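Sequence positions in the sequence shown follow my numbering and run 1 to 69. No residue lacks a Cβ here, since even glycine has one placed at the ideal position from N, Cα and C. Keep in mind the model is a prediction, meaning the values are calculated, not measured. Worksheet: the structure to be examined is printed underneath.
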Amino acid sequence: MPSGPVTLAKQIGDMSKLAGDIKALLSSQKEVLSKAGLSFPPGVMDGLSQLRKALEEAQPAVSAQEAEV
């Protein structure tokens with residue numbers, strides 16, 4: 001159990017990591033899907049990359065705002 005409140009900056013960091021993990025898992029499944037004649041909808045991988053980048057960029061600003069409060 002956490003020993004204190006979870007900050008928004010920490011949650012954003014966790015979401016960023018999860019987006020990266022999801023992208024890595026999907027990348028590993030891409031070959032399996034292609035063998036079955038399937039593929040991801042266009043933009044899925046790019047969308048995950050953009051999401052992770054946006055979260056990483058937002059985290060320092062959120063952390064600074066939390067420190068102010």
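Problem - Nearest-angstrom Cα separation, counted from A67 out to M45 - result: Going from the Cα of M45 to the Cα of A67 covers about 33 angstroms.
Handout entry: G43 versus S27, A36, A9, S16, residue with shortest Cα-Cα distance
Key = For the set S27, A36, A9, S16, the Cα lying nearest the Cα of G43 is the one of S27.
Problem - Segment contact flag, the region 3–19 with the region 32–39, C-beta cutoff 8 angstroms, min 3 pairs - result: Fewer than three pairs of CB atoms, one per stretch, sit closer than 8 angstroms, so the region 3–19 makes no contact with the region 32–39.
Handout entry: Cα-Cα separation between P60 and L51, rounded to whole angstroms
Key = Near 15 angstroms, if we compare the C-alpha coordinates of L51 and P60.
Exercise for the section: State the Cα-Cα distance for the pair P41 and A9, rounded to the nearest angstrom. Expected result: 30 angstroms
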